[in-house]
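Please read the structure below before turning to the comments.
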Amino acid sequence: MSLLAIFSQELARIGGKPHPAESLEQAAAIYADICQEAASPALRVRWSTSLLETLDKEAVEITSRDRDEVIRLCAQAQIGLTEADFGIAETGSLVLESGPGRSRLASLLPPVHVAVLPLGRMVPSLQAFTERYAREENARHLQSMACLTFISGPSRTADIEMTLSIGVHGPQALHVILLKDA
Amino acid sequence: MKITSEDFGTQSSQALHDMQLQGALALVSGRFTQQRRTVVSQTDGWEEIRRKAEQIKEHTLDHLPDYLEQLEKQVQANGGTVYRAGDAAEACRQVLEICRRHQVRQVVKGKSMVSEEIGLNHYLEETRLEVLETDLGEFIIQLAQEPPFHIIVPAIHKTRQQIARLFQEKLGVPYTEDIAELTAIARRTLREKFLSAGLGISGVNFAVAETGGIVLVENEGNARLSTTAPRVHVALMGMEKVVPRVADLGTFLTLLPRSATGQRFSSYVSWIHGPRRDGDADGPERFYLIILDNGRSKILADREMRATLRCIRCGACLNHCPIYRHAGGYSYGWVYPGPIGSILTPQMVGLKKASPLPFASSLCGACADVCPVRIDIPQILLTLRHRIVRGNAKPLIPRVAEKAAMRGWRFATLHRRWRSLGIKAARPLQAMIARKGWLSKGPFPLSCWTQTRDFPAIAPKTFQEWWSTRRPPR
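Chains as they are written, first to last, in our numbering: chain A, 86 to 267; chain B, 5 to 478.
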């Protein structure tokens, strides 16, 4: 089974929605459908990367600005759009690095999180991912970012009578657009 | 938190008669053990991963002061501040001091067993700070003013009806038994608090000496919110939580979710390296790490007990323990329940205050079989029992009686003729009290046993008597 297939299967199993896209145009079409479904017109926020800019010019870029403003925007947004730095096939997980233009709240406060994962960034397993940091310079690079976040499916809890509820504090829906490399 | 471990006997017998509680315990342990079994069977090299984790933890404990120093340096290099706390009171004072320095009035908290251990909520609330638990289960028990019932699912002893009434009463919302709706109410209530709180407190699942990173594992997103939205983040860790390298996390993050809930991975795992960096849009401006000792150095120095410090607080030993599954979390009388509580509590609060706990086990060994870091809990229980007995905690008469009985047993096993005579003499005596092959009410000192369980009656014939009447087969 390909890494893409394993990732998609795992993500679906934990309640996320995988969307394979052959091209950027197809990714844009998929994204438009997700927005339509998630109540449009709605406030959308996104990371500031060139890939995401081509996907959604109108979404508000979350960059370094007034703290309360960042929180207000992310809290009001219906959709948060981010670009994953890695995907872990074995667990259907996204890995998001923090940094300038890469808001942590954008993947957390909006009820719908859409992430684009270029397929070249897929690693087979968690072990393979952490092995990267056996190299000293990778560990130093890791340390230079405030937060590395692993996201596996939507927010969930089973704290009441062991019954699963989705979207307790974080997003209720997680869409991953799996973008084939150009 | 008041320690009531001495009353394990009465507390557990109350729990045994609480049918609702028994139902909840069956549900949580049934679900978690089954899910764990499935996912472990699908994980290649599980035993090898456990051995590796054991090895890493043992190595870390061998060099603990060095790794803690490295961790401290790296946290500082990341722009964070480190405090060492010798005991619970000191850790509480440090948190309060940080709150005052940053003029904080509202605090949001992710789940942290260490904060329960040091009684942080109670301490901060007395200074009129508002402290809010944000994990759904912790939020519920905070409203009910109760301690956690289970390490992973703290409010599992409550029914949806009880939670509905609690929310109605404390939050002023309409009564609803719908679990999705109850969850949504908690989301709305807490969302406002996350965004207005000045300080967030979290625990630490793992701290990485190499990078000064702390790792948080969760499913709800409340730990992410508590550590991203407020201006200040304070992380609390027991000093045994450090691991040497980032590469070690592959091992521990494979073990923890599988052992705790039977998930391959938890919804959210955060590796946090200090406060936000220049140019970051969000994240806290200040980061503090409090490293707590609170008796851990003493455990570290005790060769027979040291393995206790390998624990990663997954809760698997609770779910698999036949005693926990019936006695429940509160019977153990302090923060840490189940088999891990039975070995940790006596070491942290003293043997005297927790003497029943090492005996609250059938020594079946299930806890050791499932422990992701291979702690030999039954062996540690036996050592603690030995120390308690040697420390002479029992009243005189049972002690003398027990010794005499053991001497008698030794004599009987060594002298066959006397043993046969003894058995022959006992049969007519037991006829008065035996029912269907069992003695359920014996005279003293047998009553010490029969108070709590039946004793098997001596059979009408011993095996040897029966054998001697058999003819050899042709």
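Ideal Cβ placement from N, Cα and C applies to all residues, glycine included.
Pick helix, strand or coil for residue i, following the three-state DSSP scheme.
i	result
Asp284/B	strand
Ile122/B	coil
Pro151/B	coil
Met5/B	coil
Ala358/B	helix
His390/B	helix
Pro105/A	strand
Val155/A	helix
Val236/B	strand
Ala144/A	coil
Glu181/B	coil
Glu292/A	This structure does not reach residue 292/A, given that chain A is present from 86 up to 267, and the question cannot be answered.
Glu168/A	strand
Ala117/A	helix
His496/B	Any answer about residue 496/B is impossible in this case: the structure gives chain B only from 5 up to 478.
Ser135/A	helix
Phe269/B	coil
Quick check: what's the CA-CA separation for residue i versus residue j?
i	j	result
Pro195/A	Leu128/A	9 Å
Glu175/A	Val374/B	23 Å
Val99/B	Arg109/B	12 Å
Ile144/B	Ala463/B	54 Å
Lys356/B	Ser17/B	21 Å
Gln267/B	Arg40/B	7 Å
Leu133/B	Leu203/B	11 Å
Arg307/B	Ser301/B	12 Å
Ile53/B	Leu259/B	8 Å
Ala416/B	His21/B	40 Å
Gly207/B	Ile347/B	22 Å
Ala159/B	Ile245/A	7 Å
Pro362/B	Thr8/B	14 Å
Ile156/B	Ile91/A	29 Å
Glu154/A	Asp286/B	10 Å
Asn209/B	Pro261/B	11 Å
Arg169/B	Thr163/B	10 Å
Gln166/B	Leu175/B	14 Å
Gln111/A	Ser271/B	28 Å
Ser33/B	Asn323/B	4 Å
Ala123/A	Ala224/A	38 Å
Ala89/B	Glu73/B	14 Å
Pro460/B	Arg228/B	57 Å
Ile384/B	Pro350/B	11 Å
Thr193/B	Phe291/B	26 Å
Quick one: is the Cβ of residue i within less than 7 Å of any heavy atom of the ligand MN?
i	result
Gly177/A	Among the ligands in the structure shown, none appear at all, so the ligand MN cannot be discussed.
Compare the Cα-Cα distances from residue i to each of the options and report the closest residue.
i	options	result
Met247/A	Ala30/B, Val108/B, His67/B, Glu73/B	Ala30/B
Ile303/B	Ile7/B, Leu313/B, Leu355/B	Leu313/B
Ile276/B	Ala239/B, Thr255/B, Thr265/B, Arg300/B	Ala239/B
Glu143/A	Cys232/A, Arg189/A, Gln212/A, Cys120/A	Cys120/A
Leu166/A	Ile91/A, Gly177/A, Arg189/A	Arg189/A
Gln24/B	Gly332/B, Met352/B, Leu443/B	Gly332/B
Ser133/A	Ala258/A, Tyr116/A, Pro185/A, Glu95/A	Pro185/A
Ala370/B	Ala358/B, Arg329/B, Pro402/B	Arg329/B
Ser119/B	Gly217/B, Gln172/B, Ala92/B	Ala92/B
Leu433/B	Gly446/B, Lys440/B, Arg423/B	Gly446/B
Leu89/A	Pro209/A, Glu146/A, Leu249/A, Val253/A	Pro209/A
Ala305/B	Ala184/B, Asp66/B, Thr42/B	Asp66/B
Pro288/B	Phe198/B, Leu386/B, Val377/B	Phe198/B
What does residue i reach in chain A if we use C-beta pairs closer than 7 Å?
i	result
Thr85/B	Those do not exist, as Thr85/B stays about 15 Å from chain A at its closest Cβ, beyond 7 Å.
His106/B	By Cβ distance, chain A contributes nothing, its closest Cβ being about 14 Å from His106/B, past 7 Å.
Pro279/B	Ala231
Can you list the residues of chain B that residue i reaches, using a CB-CB cut of under 7 Å?
i	result
Glu168/A	Per Cβ cutoff of 7 Å: no residues; Glu168/A is ~15 Å from chain B at best.
His198/A	In chain order: nothing, as chain B lies at least about 10 Å away.
Could you list which residues in chain A have their beta carbon closer than 8 Å to that of residue i, in chain order?
i	result
Arg191/B	Gly252, Val253, His254
Ala233/B	Ile156, Leu190
Glu73/B	In chain order: nothing, as chain A lies at least about 17 Å away.
Thr258/B	Leu211, Gln212
Ile160/B	Asp244, Glu246, Met247
Residues of chain B with CB closer than 9 Å to the CB of residue i, please, in chain order.
i	result
Cys120/A	Here the premise fails: no neighbours, minimum Cβ distance about 22 Å.
Leu137/A	Here the premise fails: no neighbours, minimum Cβ distance about 14 Å.
Gly172/A	The premise fails here: Gly172/A is roughly 12 Å from chain B at the closest Cβ pair, so nothing lies under 9 Å.
Taking Cβ-Cβ distances shorter than 9 Å, what residues in chain A pair up with residue i?
i	result
Tyr272/B	Leu193, Thr234, Phe235, Ile236, Ser237, Ser240, Gly255
Check the Cβ of residue i against every Cβ in chain B and list those closer than 8 Å, keeping chain order.
i	result
Glu222/A	Neighbours of Glu222/A on chain B: none; closest Cβ ~12 Å, over 8 Å.
Next item on the list: Any chance you could list the beta strand (DSSP E) runs of at least 3 consecutive residues sitting entirely within the segment 201-226 of chain B, in chain order?
Entry: 203-206, 210-212, 217-222
Next item on the list: Report the residue ranges of all alpha helix (DSSP H) runs contained in full by the segment 63-132 of chain B; include only those spanning at least 4 residues, in chain order.
Entry: 68-81, 92-105, 117-121, 124-130
Item checked: 4 or more residues per run - each alpha helix (DSSP H) lying fully within the segment 401-441 of chain B -> 420-434
Item checked: Any beta strand (DSSP E) of 3 or more consecutive residues that is wholly inside the segment 194-236 of chain A -> 197-203, 232-236
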